[in-house]
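I have placed the structure first, in the form of structure tokens, so that the comments after it can refer back to it.
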Amino acid sequence: MLDTKLIRSTLKKLGLSQANLATKCGVSKEAVSNWLSGESIPRARKALALADALKLSLDEIFSIENDASKEPVIAYRTRNNRAPSLAAQTAGEEIGRHLKQLLPLTGSNSVFSPRHLVNPRLDDDYIAKIASATREQLGLTDIEPVTHNHLINLFHEFGAFLVPVFWGEDKDGHENAMSVYLPDSKSSWVLFNLGCRLDDFNYWLSHEFAHCLTLHTLQGDEGEKFSEKFAQALLFPEKIAEEALIAVSNSKAPLKVARSIAGAHNVSVVTVIKAINRIAKLRGEVAPKLETPAFYAKWKSEKSSKPTVAKGLFGIDNLNLEDAIRNSEKHFHTPIFHAIAKWQKIQGGRSPAFISSALNLDLNTAIEMSHILWMSEDWPSGGDSLKSLT
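Position one of the sequence shown corresponds to residue 624 (our numbering), numbered consecutively onward.
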């Protein structure tokens, strides 16, 4: 973070106003104001210009104080549900620090704190109670299916920021979703991959919503276990699982029945199978023998033929980036792209490196997005195009 106390005293000593400093650094007065309020930090070349204008070194203008309690908290799993490496964890925290700079530009003016769970725990009955209360909030009975729109509305009512990202279908690392909690603002951010498969989408949204409820206090393996159990209980509660177990057990084509039930409830067939296996175990019954190596081999081979989120929600698989951004804004009501566009305007130039770090995009995609948000009249500074979202 910038040593704003030193910078302010140096400005006074040199007889410089914030407007003078903005001119010397080649940025807007708003950018300087944001630097001095701690809402953003300058990019590398602007930091050099700032240091030069103040006749200070880079080491002097940056404060070495680090309050760990204000560091971003992240939650995600890599392939095969492995915990992220130290390098990946660090990269995730860097995403959080970049999102923090965008927060003042999102148009958020909430004066209420999010409704986090006070003391979340891994007890199954407790999680089922939370899931049931969430269904009640959505106006759903314990057998009605949860839709994408139900879940999207949950995030907005909670106050979380949805961040659709373009990681593609073969993204290494957190290829489906990632949650970020910023303690100082108590804000939650959910990045989710438009390239993940649509049949998994409700699960990932439910999983990440659980992180929104708990990430302030429940992290690591415990946080992941809570989120997995919550997603299962929300999307496929015990009453549905009991009925599914009976239907599958009495069928001569159990896998076909399981697939049909999965489709009716907007979940993956794996979610159905795991649920009925759990119910069978609780009852002391023999579970239908569906979860076999052959099943998983076929399931994985068929997965690539299932529609992606982009295909299922927008109708097109291979969207160009500008169309993907427009569709994401329309469907998810996200202010993220407007915030990035405004950030670039304030900084006085395009910044693909910032976009790459904030959204974990490859540099080529970030360069293209930076250009789109800089050039298009639909994302001006102050942005009339997204008034409905802010």
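A virtual CB, placed ideally from N, CA and C, is assigned to each residue, including glycine. In this text the structure is predicted, and so the values were computed from the model without any measurement.
Beta strand (DSSP E) segment containing Ala674, residue limits = Per DSSP, Ala674 belongs to no beta strand (DSSP E); it is in the alpha helix (DSSP H), Ala667 to Leu677.
ask   = Which residue comes first and which comes last in the alpha helix (DSSP H) that contains Val892?
value = Val892 to Arg906
ask   = For Thr988 versus Leu936, is the C-beta distance shorter than 9 Å?
value = no
Cβ shell of Leu659 (< 8 Å), same chain only, five flanking positions each side left out = Leu625, Thr627, Ile630, Arg631 and Gln641
ask   = beta strand (DSSP E) containing Phe815: first to last residue?
value = Ser810 to Asn816
ask   = Rounded C-beta distance between Lys669 and Cys648? I'm assuming under 8 Å.
value = 6 Å
query = Where does the unbroken alpha helix (DSSP H) through Leu637 begin, and where does it stop?
reply = Thr627 to Leu637
ask   = Per the contact definition of three or more C-beta pairs closer than 8 Å, is the stretch 956-969 in contact with the stretch 854-867?
value = no
With 16 other Cβ atoms within 10 Å as the buried cut-off, status of Thr764 = exposed
ask   = Does the beta-carbon distance from Ala864 to Val880 come in below 9 Å?
value = no
message = Short of 8 Å in beta carbon distance, which residues of its chain neighbour Ser1004, apart from the five on each side in sequence? Order them along the chain.
response = Residue placement at Ser1004 is flagged as unreliable, the pLDDT there being 42, under the threshold of 50; a coordinate-derived value is accordingly withheld.
request  = Give me the Cβ distance between Glu792 and Thr931, rounded to the nearest whole Å; I'm assuming they're in contact under 8 Å.
outcome  = 7 Å
request  = For Thr915, count neighbouring Cβ atoms within 10 angstroms of its own Cβ and tell me buried if that reaches 16, exposed if not.
outcome  = exposed
Spatially closest choice to Trp790 from Met998, Leu984, Leu677 and Pro911, by CA coordinates = Leu984
request  = Name the two residues that bound the continuous beta strand (DSSP E) containing Ser802.
outcome  = Ala800 to Leu805
inquiry  = Once the 5 residues before and after Leu740 are set aside, which same chain residues still bring their CB inside 6 Å of it?
reply    = Leu836 and Thr837
query = How should Arg826 be labelled, buried or exposed, when 16 other C-beta atoms within 10 angstroms of its C-beta is the threshold for buried?
reply = Note that residue 826 is Tyr in the sequence shown here, rather than Arg. Classification for Tyr826: buried.
Residue closest to Ala856, alpha-carbon to alpha-carbon, out of Leu745, Lys693 and Leu709 = Leu745
query = Looking at Gly661 and the ligand MN, is the gap between the Cβ and the nearest heavy atom below 8 Å?
reply = As for the ligand MN, it is missing from this structure, which has no ligand bound.
ask   = Using a Cβ-Cβ cut-off of 7 Å (strictly less than) and excluding sequence neighbours within five positions of Leu774, which residues of its own chain qualify?
value = Asn825, Leu828, Ser829 and Phe832
key: Per-residue burial, Met998 [other beta carbons within 10 Å of its own, 16 or more giving buried]   = exposed
key: Residue interval of the alpha helix (DSSP H) (run including Pro916)   = Pro916 to Lys926
task = Apply the 10 Å Cβ neighbour rule to Ala962 and answer buried if 16 or more other Cβ atoms are within range, or exposed otherwise.
result = buried
request  = Assign Leu681 to one of three DSSP states: helix, strand, or coil.
outcome  = helix
Own chain partners of Leu637 with C-beta closer than 6 Å, once the 5 adjacent residues on each side are dropped = none
query = Which residues share a DSSP beta bridge with Ile697?
reply = Val803
query = Beta-carbon of Ile718 versus every beta-carbon of chain C: anything under 9 Å?
reply = Of the chains in the structure shown, none is chain C; there is only one protein chain.
message = Quick check on the burial criterion: 16 or more other C-beta atoms within 10 angstroms. Buried or exposed for Ser927?
response = exposed
request  = Below 7 Å CB to CB, which residues in the same chain sit around Ala898 once its five sequence neighbours on both sides are set aside?
outcome  = Gln855, Phe859, Ala864 and Ala867
key: Ala976 versus Val892 - alpha carbon distance   = 40 Å
task = Leaving aside the five residues before and after Asn873 along the sequence, list all residues of the same chain whose C-beta is less than 8 Å from its C-beta, in chain order.
result = none
ask   = Which residues in the same chain have their Cβ closer than 7 Å to the Cβ of Gly606, if we skip the five residues on either side of it in sequence?
value = The structure shown does not extend to residue 606, since the chain is modelled only from 624 through 1013, so no value can be given for it.
Beta-carbon proximity check, Asn889 vs Val813, cutoff 9 Å = no
query = Based on Cα-Cα distance, which residue from Asp823, Phe784 and Ala981 lies nearest to Lys923?
reply = Asp823
ask   = By Cβ distance, which residues of its chain are closer than 6 Å to Gly715, with the 5 residues on each side in sequence left out?
value = Ile697
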